[in-house]
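Presented below is the structure to which this report refers.
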C-alpha cells in the first residue's frame, strides 16, 4: 500500500487552521477526526468540520499513488506532529500513523472509523467571484462590528446587501455601532449573510493569496490558493440597517483628522483617563472655539480633563458629545478620519471614501457639561428624541434589531415574576454581549502588540548579524 505522506512543515499550519473549526466538545466521534485524502490526480487534502462548517487545506505538491482516504483523530495528529522536526514527514495509512524513529519507522495505531461516516463536504457549483483586497478588508471590518449574541443570530454575520445592483454594501452591526462600506458591485442576484467565524480572521488564511467566493441557496464558500472554508448561510431577513444611518445633510459639525496621524491619536486616546472603564469606557469629544478636544477623567466626581488634538480641522458650531472609546479607537483604526456630528444626542458618523461607522452616543453620567451650542444636557428622565445610551444598564439597541419580548402588557400593569425574570435574563445577555465585545477588542490589540514585537525582534537580529559581519573584517 502506498501511504499518504504529509510534510511536517505543511502539516503544522494545516492542523492550526483545522483546529479552528473542529469542536473538541462535539458528541459525534467522527467530528474529532481529520479526513486525509489523496485524489485521483494526486492532490492531498485535509478536511475538518463541525457539521455547519468545513475547512479544507490542500498540500503544495501532488504525490504519486492511487486515490485513498483515511480518518485520523485530530488530537493524535497534533501530538505526533509536536514530536517531529519541521523537515520530517509522517505517513498515513488506514488505522495507523508512521513516523521517523531513529533509523527506522515508528508506528502509532489509531482507532479505525469507516470513511463513510465523515460528513459529505458541500459542493457549490456556481461561478467563483474574486474579492479584491479592499473588499476583503471591508468584510473583516464588518465582521469585527457584528454581534456575538446568539439571541440575535441574524446579526452574527456580515451582510452583503445587493438590493441596489449598482451599489452593493458590506454591513455589520451589534446594535450599538454599525459599519457599512460600498463603492463596489458583485455579480450576485440576492443578498447574503456570511456567518462570522474565527477562521476567516486567521492570518494564514488571509496571507494565502486572493480570496474567491462562491454562493448558492444554502451555503457560502470562501477560498484562497490552498484553503477552502464552506459554511451554511444565516437564514432570516437582515434588519433595515439604512434607517439607522443619519442623513449626512443634517450634520452641522465636522471634524477632519490627519490620516497620517491616526495611530498617534489612538495612542493618546488609550492613555486618556477613564472613570468607567468596566462599563462604558466613556470619552468626550468637544469642538470649542475652532479646536477639537478629548475629554476624560479618573473618577466620576472629578471635572473632565480636556486634551487638545492638534492638526484637526473643525467646521461648524460648538458641540460636546460622549461615546464609548473602544468604538472611537476602532473607527480611527479603520482609517475613518472624518467625524460628522448632528448634536449631542444624535448618532455620530465616522466616514472616509465609501466606508462609514455609525455610533450611538452616551450621556456624560451626570456631569455638568456646558457648551454654547447646548447650555444644559437634557435631563435623564426626559425621553430623548433619538436613541441615546443612558447611564445604568445598557438599554435594548435600536428598534431595527430589538428582539420581541413580552407583548400585550399594559404600560401601568405590574409585571409578573415570570416577566421580571425575563427582563433579568435580557439584562444579563446584554452584559455578556458587552463583555464579548471587549474581549474581541483586547484580542485585536494583543495581536497588534505581538506583531510589533516580532518585527522588532527581526530588526534586532538583522542589526546583530551586521555587527558580527563587521567584527569579522580584518584591517
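Residue numbers (this note's numbering): 111 to 585. Just so it is clear, CB atoms sit at the ideal spot from N, CA and C, and this is done for glycine as well.
Contact between the segment 365-383 and the segment 411-419 is present, with at least three C-beta pairs closer than 8 Å. Under the Cβ criterion (8 Å, minimum of three pairs), the segment 393-403 counts as touching the segment 422-437. No Cβ-Cβ contact shorter than 8 Å links residue 383 with residue 362. Counting other Cβ atoms within 10 Å of its Cβ, residue 349 reaches 16 or more and is therefore classed as buried. If you draw a 10 Å sphere on the C-beta of residue 196, you find fewer than 16 other C-beta atoms in it, and that means exposed. The beta carbon of residue 436 is closer than 8 Å to those of 391, 547, 548, 551 in its chain, skipping five residues each way along the sequence. Note on residue 267: 16 or more other CB atoms within 10 angstroms of its CB, so buried under the neighbour-count rule. Of all C-beta pairs linking the segment 225-237 to the segment 269-288, fewer than three are shorter than 8 Å, placing the two stretches out of contact. Per DSSP, the beta-bridge partners of residue 217 are 208. Inclusion of residue 140 and residue 128 in the CB contact set at 8 Å is not warranted, their separation being larger than that value. Runs of beta strand (DSSP E) with 3 or more residues, each lying fully within the segment 294-324, are found at 302-305, listed in chain order. DSSP links residue 203 through a beta bridge to 206. Around the beta carbon of residue 159, 16 or more other beta carbons lie within 10 angstroms, which makes this residue buried. When Cβ pairs closer than 8 Å are counted between the two stretches, the segment 284-295 is seen not to touch the segment 304-319, the count staying below three. For residue 148, the enclosing beta strand (DSSP E) starts and ends at 143-148. Residue 449 and residue 469 have their C-alpha atoms spaced approximately 11 Å apart. Per DSSP, the unbroken beta strand (DSSP E) holding residue 466 starts and ends at 465-469. Bounds of any alpha helix (DSSP H) do not take in residue 257, whose DSSP letter is neither H nor E.
In the three-state reduction of the DSSP assignment, residue 163 falls in the strand class, which pools E and B.
Remark: fewer than three beta-carbon pairs, one from each stretch, lie closer than 8 Å, so the segment 339-346 and the segment 354-370 are not flagged as touching. For the 8 Å CB-CB criterion, residue 325 and residue 298 form a contact. Counting of Cβ neighbours within 10 angstroms places residue 471 among the buried residues, the total reaching 16 or more. Distance between residue 182 and residue 309, taken at the CA atoms: about 21 Å.
Excluding its 5 nearest sequence neighbours in each direction, residue 156 has C-beta neighbours in its own chain below 6 Å: 124, 144, 146, 167, listed in chain order. The C-alpha of residue 561 lies about 31 Å from the C-alpha of residue 458. According to the DSSP secondary-structure assignment, residue 429 is paired through a beta bridge with 397. Distance from the CA atom of residue 443 to the CA atom of residue 558, rounded to whole angstroms, is 11 Å.
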